[in-house]
Every structure is written in C-alpha cells, then in structure tokens.
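Student:
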Amino acid sequence: ISDQKPLGCWSVKHGQILTCPVVCNFETHEYIAVHDDKVLRIWKNEDLNLDKAFKATLSAEVYRIHSLPQGGALVLFRGGGVRTLDVLLEAPQQEIENLISAEAIRWSGAFMEGQEPVLIFTTEKDKDFFVYVQKPKLNSLHKYKLEQQKLAKPLCFTAHITNQIVTLLCLYSNNSVYQVLIPLQQDTEEEEEKEEEILSKSLLLNLSVSGAALKGTSLVVLDKDHVAVLGSVPDPGKKPKEFLTIWNTKFQTLQTSKELPLGTSGQLWCYEEKFFLIHGKVLTVILYKCETSSLAAAVGKLKDSQTLDVSSFVNWNTLEDEELVVSFQSQESVALKAESRMNLRSNRTSGQSGTLSVGQLLVRLKDASNYVLETELKKLMAKAPTPDLQATIGCVVTALTDRCKRNPKFYPQNLLQEIVETRDLSYSLCPDLMAVALEQKDLQLLQICLERFPDIPEEITYACLKAFLSMSEDHLKSVEVNLDSAICYIDVECNDMEVKTEILENGFSEEMDQDMCDTKIPKESQSDGESCPVGLQKAALLNAVLHSAYTETFLLPHLKNLPAQQAILFLRYLYYLYVKCSEKVNTTLPGIRSPTINQIMDWMCLLLDAQFTVMVMLPEAKDLLSNLHKFVRAQVRFYSELNKIEGSLRELQKLNHLRESQTYSIEVLEII
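Using the numbering used here, read the sequence shown as starting at 651 and increasing by one per residue.
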C-alpha cells in the first residue's frame, strides 16, 4: 500500500466467478478463495497459476471466510453452518447443517474472546432481522431476534467484544445508529427458550453534518468510544455530497469529517489504524489515531468540526494529493489546503515557534530565486525527523516540479538531486518528478530515482529504459552519472587479447560449447560475450533500470513497444552480464549495486517474451540468439553433470564425519 505497487495477480478460468472476498490466513501465510460458491482454492505468494493451486470442492455454498490473527480461518456457509478451515479440509465433502433455511445472511464478523474465536452474523426473513452468535470450537450457537424499528430498517452492521459482551452497532435507514448489547452466554438446557429472546436496542447517534442529515452507507468501529460512518448529505439541485465522518459514541458528538468530492463506492474498511475506501477511481488509505475520549476533547472537536479541512484525529494527506499537483495554480487558497495536510498540533507548534507552516512555505517558494529555494529547503531538511517532515518535503518537490512544467527554463537540478539523495522519498510522494527529469534529460536524477524509489510505475521504468538506449555514446560521455555499479567489470578497452586457460569456470568453455553443437561458432560472434556492447555510462544507467522493482504483468506490454534495434542492444548487454556472472564461482559481479544474476535472468526472460517474434525475424539477432542458446545449453549440461555426482559427494561428506580426526589413512573411493 505504501509503495502503491502491485505485488501479485491471479485469475480464475473463463466462466468461473469469485463468490466471496479472498482472505489471507495469518497462521500459514496462504490466500484462501472460493469460486462458484463451493470450490475452495488455497495458494501462496510464489504460486503463479491459480488453476494449479490446491482445490477442494465443498458440499455446501460458502458465504464468507474470516481469518483471525490467532484463531485460524473460519468458513461460514450460506445455511448458517460454521467450520474451522482445518476441520473442513479433513473432509471437504462433510455434510454442513442448514440452520437458516428461509433466512438470508446480511452481515458477518469474526472476533477473538480470550483464546476462543467467536463468529457473529445477522440474517433477514420477512423484514425481521435475527442475530446468531457462534463459538465453533465449543459447538455453541445462540439465536436472537432484533427488535423492529418503525419506518426504518438496518442497512449495515458492525460489532466488537469487550468483557464477554458483544456490542452490535446497527446503521438504520432513518440516519441513526443503534446499539445492541449481547452477553456471551454459556450453553444451558434452556437454549430453546433463549432462541426466542428479543434483543432491545438503544439510540446511539443521530447522524448529521452541518445541520443536514447524513445518509450512511457504511459503518466501522474504531475503538470502544469511536465509530466511522461513510455517507452522503443531500445538496438541492446537485449530486449529494459524500462525507467520511468520525463520531464519539460516548458523548454522541461529531469528532471530525471530510468531504469526498470524487465520490465513493459506499464501502469503508478499517485495519490497523488505517481507513481504506474507493475515492474516485483509486483505493485511498487514510491514517487515523484514536485519542482518549474526554468531554473537553469531544466538545472541542465539535466546535472545530465547522472547519472541515483540519483535524488532529485524522491525517488527510492522501485525500489532498490531487490538490497538491496544482498547488500553485490558485496561489494562497490551495497553499492553505496543502497546509491542512499536516497534523493540527504540529501546525500550532510551528506557528508558536515562529517557523513557516507548510502552506506559508509553498507560497514563499512560488516564484523564489534559486538562492531563496536552497536556503529555505536547507532549513527544512535540517529539521529533526518527524512523521510529517517527509510529507512536507514531498509537497515542496511536487510544487517545484509543477513550477518546472509551467516554466521550462526553471529547473533546479542540483537541488532536486540533493533532496532525492538525502531523503527517503518515493514516487508517490512526488509523482511528476521523474516525468520532468525525462523531459529535461536529467540522466543523473533518473539514475538516483531508479535506485532509490521502491514504487516506480512500469510505464516510467520503460520510458527511462527507452531513453537510455536511445542516447548516443558520444553524448553520454559528457554526462555525469554514477559509475560505481559498472566500472569494476566493464571492459573499457577491448583490444587486448585474453590468454586462454584450461580451467572450466561454471562449466563453460568455447571448446565444450562447440563440441555440443553441429556448427562452429563464427569468430566475430565469439566476441559478443567478451566485450561490452555499450559504453560505461550507458551500462551504469541500464544497471539502474535492472535494479528497479517491477511486476511482470504490467511491464510486459510496454516492453513489446521497444524498438527492435534497442531491444537487440539491451539483450546483447544482458547476455554480456550473464557471461560475466558465469565466469565467477559465486556468480556475483564486483562493484556497488551491480546487477545480480537473478535480475539479469529475469530481465532477459522478460525481454525475450516481449520481443521474441521480432528477434527471430531479424537477421542481426540470429547470431545473438544462437550464442545465447548454446551458452545456456552448456551450463545446463554442466549442472546436470554436477547433479549426477551429488549423491557421491554427500556420501564423502558422511565419511568425513565418521572418520576419527587423529587417524591417518589413504582410501580409494570409486565414484560411479
């Protein structure tokens, strides 16, 4: 989430449908999914093909799977039956009881009470709502009926357990939140009577923002005194305004709220003090921190809630990102919005100490000279690290890149390089920086970003690769870049002939390679792996691309657009690196941040996948592909030979352990 980087992608076959949310089993670090209601799939992160993952067909339809950090996974069936995943996998076709034949499940949640998992779900039948509380490991089940509310019905539920009491919160269609308390009971002989028990509810909150009723769509619990509600407020003649609101349930006050102008899906999730919601077309993550509930704080927040841009309860950083991109287009007004990204308390502290706030700093830097820019930024970077400092620097870099786009003559190259080198920034904190660097052909800054940013989109990585490959060697000789990753192994002068040795390094020699093939290798092609096909500067830049993180699924379409000659040049360089690595026993290149053998192989395979058809058709690529094939085949043969004697080597190792250290002997061992 923090790097905004896709890490994995799996899909079911055509015609199959995922029928409940996928969860992660905290105990085994496996993913669990259900498709077509009854087919259970379990796989790990390294599994690429979902069709080859573990499969079990169940006897009943699954409603939800719940995963608990210390309670394993619980499977809730549409008929109300519950099984732990371990019990279910012992006999996937076991019969599942139907407890709610005419009822439909509307919500479910899983919790830990002590060492016991507890599963709660609500059902609906003929406008009546029921609550079930189950302890699967104890085979305990209790059913309750929810008290009806005139002219209103429940829209969504959430719950938490404290001191053996379930607190069920219900968001109703009359813009209110009700509370239901359910004690966790022990099984008794009066269970039949308890099933008829009707649960009474009490009014907890009347939802309104700025005097207008809030029509809630989603409700989550933050702690015992706070809840969050996602909803909309009618706006006469216009589309309703959507808000994320946080409420103090102890004192029934609005803690803070924020308008969501890009719209939402109506769903809100909460996990480890982070909100997750769909805002516009993106998944937005918002940090929050619950403070100790007190009457003074609650009243204070109620007064401050009229100023909706600022809150000490929630860090609204993510929601302001779109505004930051155009932070200087409306001068002070937007600068003040950028200031609202920071924590309220830190703003008050900075104001009292006489230092500039974020908004004031952005206004000052709007048309400042390079000298003023350097002075102010050095003051900023000299500050002690705080949670907001990195976001502040990201705001400043975004503002600078915006100014660069408006005025191409303005480009503080040294300043931007210093910021990126000295601060742990990421692409998401300054999303236009690399695009501006590409326009300015600032190769040194691009190299630094590729080596340091963990979340560069594949489109930008491809743009950098294409730019580096298209640069002429003469031009690159005049460009200053960091050569540490390449200077230790690149053959700058290739005229000196190397002396042949009889030692086979990692199983490769020209004689061995030729013995395996029907045709001789042309002399001119034998040098392909011996001399570097690119200059030192270009090699260092390409190494930075090799270090950049990527997801194959998203990079492959871009690599297919790489011009053929550039693709061949890049493959020649990768082949050169591959041969260089294979010359070393530990397959490691010397130097700082040199490419690893895995990075080289991954990029080589990716490039061949993307460009194979083109390369097969090009005559100039024929020798390269042939040599690459022969080299790989020679190594496969060498490792196959090693595998044959692996058993004998293990036996020798055992004999060495059994032999007494003080005895001397000469033994002749025959290796078959």
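Note that the Cβ used here is the ideal one computed from N, Cα and C, for glycine as well.
Taking Cβ positions only, does VAL1086 come closer than 8 Å to chain D?
Tutor: The structure shown has no chain D; it contains just one protein chain.
Student: Express the C-alpha separation of VAL725 and CYS670 in angstroms, rounding to a whole number.
Tutor: Numbered from its first residue, the sequence shown carries residue 670 at position 20. Numbered from its first residue, the sequence shown carries residue 725 at position 75. For CYS670 and VAL725, the distance between alpha carbons rounds to 11 Å.
Student: I need the straight-line Cα distance from LEU1256 to LEU1133, nearest angstrom please.
Tutor: Position 606 of the sequence shown, counted from the start, is the residue given in the question as residue 1256. Position 483 of the sequence shown, counted from the start, is the residue given in the question as residue 1133. The alpha-carbon atoms of LEU1256 and LEU1133 are separated by roughly 25 Å.
Student: Within the continuous beta strand (DSSP E) that includes SER826, where are the two ends?
Tutor: Indexing the sequence shown from 1 puts residue 826 at position 176. It spans 826-833 - the beta strand (DSSP E) in which SER826 sits, taken as one unbroken run.
Student: I need the straight-line Cα distance from LEU1196 to PRO1245, nearest angstrom please.
Tutor: The sequence position of residue 1196 within the sequence shown is 546, counting from 1. The sequence position of residue 1245 within the sequence shown is 595, counting from 1. In a straight line, the C-alpha of LEU1196 is about 7 Å away from that of PRO1245.
Student: Taking 7 Å as the limit between beta carbons, can you name the residues of its chain near ASP687, skipping five residues before and five after?
Tutor: Your numbering for residue 687 matches position 37 in the sequence shown. Answer for ASP687: THR669, GLU711 and VAL712, listed in chain order.
Student: Which residue's Cα is closest to the Cα of LEU1066: ASN1057, ILE1043, LYS1059 and PRO1058?
Tutor: Residue numbering aside, residue 1066 sits at position 416 when the sequence shown is read from its first letter. With distances taken between Cα atoms, LEU1066 lies closest to ILE1043.
Student: Which of the three DSSP states is assigned to SER955 in this structure?
Tutor: Taking the sequence shown and counting its residues from 1, the one referred to as residue 955 is at position 305. Here the model assigns SER955 a pLDDT of 38, short of 50, so the residue's position is not dependable, and the following value carries that caveat. SER955 falls in the coil class under three-state DSSP.
Student: For the beta strand (DSSP E) holding MET762, just list the boundary residues, first then last.
Tutor: The sequence position of residue 762 within the sequence shown is 112, counting from 1. Note, MET762: beta strand (DSSP E), 754-763.
Student: Here's the rule I'm using: 16 or more other beta-carbon atoms within 10 Å means buried, otherwise exposed. How should VAL827 be labelled?
Tutor: Indexing the sequence shown from 1 puts residue 827 at position 177. So VAL827 ends up on the buried side.
Student: Please check the pair PHE779 and THR772, which I expect to be a contact at CB under 8 Å, by giving their CB distance rounded to whole angstroms.
Tutor: Translated into positions along the sequence shown, residue 779 becomes position 129. Translated into positions along the sequence shown, residue 772 becomes position 122. Indeed, because the Cβ distance is near 6 Å, the residues count as touching under 8 Å.
Student: What's the C-alpha gap between GLU745 and TYR822?
Tutor: Counted from its first residue, the sequence shown places residue 745 at position 95. Counted from its first residue, the sequence shown places residue 822 at position 172. Whole-angstrom Cα-Cα distance: 36 Å.
Student: In whole angstroms, what separates the C-alpha of GLU1233 from that of PRO656?
Tutor: Stepping through the sequence shown from its first residue, residue 1233 is reached at position 583. Stepping through the sequence shown from its first residue, residue 656 is reached at position 6. Roughly 35 Å between the two C-alpha positions.
Student: Which partner residues does HIS810 have in the DSSP bridge list?
Tutor: For the purposes of this step, residue 810 is identified with residue 160 of the sequence shown, where counting begins at 1. Paired residue(s): THR817.
Student: Classify CYS659 as helix, strand or coil using the three-state DSSP reduction.
Tutor: As a working note, residue 659 is residue 9 in the sequence shown. Coil at CYS659, not helix or strand.
Student: Residue range of the alpha helix (DSSP H) that GLY1044 falls in?
Tutor: As a first step, residue 1044 is located in the sequence shown; it is residue number 394 there, counting from the start. Segment 1039-1056, the alpha helix (DSSP H) holding GLY1044.
Student: In this structure, how does DSSP classify ALA802 when only helix, strand and coil are distinguished?
Tutor: Indexing the sequence shown from 1 puts residue 802 at position 152. Here ALA802 sits in coil by DSSP.
Student: Counting along the chain, where does the beta strand (DSSP E) carrying ASN898 start and finish?
Tutor: Along the sequence shown, read from residue 1 onward, the residue named residue 898 stands at position 248. Segment 891-898, the beta strand (DSSP E) holding ASN898.
Student: Return the chain-ordered list of same chain residues with a C-beta closer than 7 Å to the C-beta of GLY658, the five sequence neighbours on each side being excluded.
Tutor: Here residue 658 refers to the residue found at position 8 of the sequence shown. Excluding sequence neighbours, GLY658 sits near ASN695.
Student: Are the CB atoms of ARG691 and LEU700 within a distance shorter than 8 Å?
Tutor: As a working note, residue 700 is residue 50 in the sequence shown. As a working note, residue 691 is residue 41 in the sequence shown. Result yes, Cβ atoms of LEU700 and ARG691 sit closer than 8 Å.
Student: Are the CB atoms of ILE715 and VAL689 within a distance shorter than 8 Å?
Tutor: Start at 1 with the first residue of the sequence shown, and residue 689 comes out as number 39. Start at 1 with the first residue of the sequence shown, and residue 715 comes out as number 65. It is not a contact, given that the beta carbons lie outside the stated cut-off.
Student: To the nearest angstrom, report how far apart ILE1316 and LEU1219 are at their CA atoms.
Tutor: Reading the sequence shown from its first residue, position 666 is the one you call residue 1316. Reading the sequence shown from its first residue, position 569 is the one you call residue 1219. Roughly 55 Å separates the two Cα atoms.
Student: Once DSSP output is grouped into helix, strand and coil, what is the label at ILE1295?
Tutor: Counted from its first residue, the sequence shown places residue 1295 at position 645. ILE1295 falls in the coil class under three-state DSSP.
Student: Looking at the secondary structure, which residues open and close the alpha helix (DSSP H) in which HIS1125 lies?
Tutor: Within the sequence shown, the letter at position 475 stands for residue 1125. Unbroken alpha helix (DSSP H) run through HIS1125: 1123-1127.
Student: Beta strand (DSSP E) containing THR669: first to last residue?
Tutor: Counting from 1 along the sequence shown, the entry for residue 669 is found at position 19. That run of the beta strand (DSSP E) goes 668-675.
Student: Give the single residue among THR1201, LYS1055, PHE727 and ARG1102 whose Cα lies nearest to the Cα of LEU1088.
Tutor: Mapped onto the sequence shown, residue 1088 falls at position 438. The option with the nearest alpha carbon to LEU1088 is LYS1055.
Student: Quick one: Cα of HIS1208 to Cα of THR1238, how far?
Tutor: By 1-based counting over the sequence shown, the position of residue 1208 is 558. By 1-based counting over the sequence shown, the position of residue 1238 is 588. One C-alpha to the other measures close to 29 Å.
Student: Residues in the same chain with beta-carbon distance under 8 Å from ILE632, minus the five sequence neighbours each way, listed in chain order, please.
Tutor: Residue 632 lies beyond the residue range present for the chain, which begins at 651 and ends at 1322; the question has no answer from this structure.
Student: Let me make sure I understand the geometry here. Which of TRP757, GLY721, ALA752 and GLU740 has the alpha-carbon closest to that of GLY764?
Tutor: Counting from one through the sequence shown, the residue named residue 764 turns up at place 114. Measuring from the Cα of GLY764, the nearest candidate turns out to be GLY721.
Student: Among the residues of its own chain, which have a CB less than 6 Å from the CB of LEU880, if the five just before and after it don't count?
Tutor: Here residue 880 is taken as the residue at index 230 of the sequence shown, counted from 1. Closer than 6 Å at Cβ, skipping near neighbours: THR867, SER868, LEU894 and LEU918.
Student: Report the residue from VAL883, ASP873, PRO884 and GLN902 whose alpha carbon sits nearest the alpha carbon of GLU922.
Tutor: Translated into the one-based positions of the sequence shown, residue 922 becomes position 272. For GLU922, the nearest C-alpha among the options comes from ASP873.
Student: Which of helix, strand or coil does DSSP assign to LEU1240?
Tutor: Here residue 1240 refers to the residue found at position 590 of the sequence shown. According to the sequence as given, residue 1240 is Pro; it is not Leu. Coil, per DSSP.
Student: Per DSSP, ILE1218 is paired with what?
Tutor: On the sequence shown, position 568 is the one that residue 1218 refers to. According to DSSP, which records beta bridges pairwise, ILE1218 is partnered with nothing at all.
Student: Would DSSP call THR1323 helix, strand or coil?
Tutor: What is shown of the chain runs 651 to 1322, which leaves residue 1323 out entirely.
Student: Can you tell me whether PRO1213 is helix, strand or coil according to DSSP?
Tutor: Within the sequence shown, the letter at position 563 stands for residue 1213. PRO1213 falls in the coil class under three-state DSSP.
Student: Based on DSSP bridge pairs, tell me the residues matched to ASP778.
Tutor: Translated into positions along the sequence shown, residue 778 becomes position 128. In the DSSP output, where bridge partners are listed per residue, ASP778 has LYS775.
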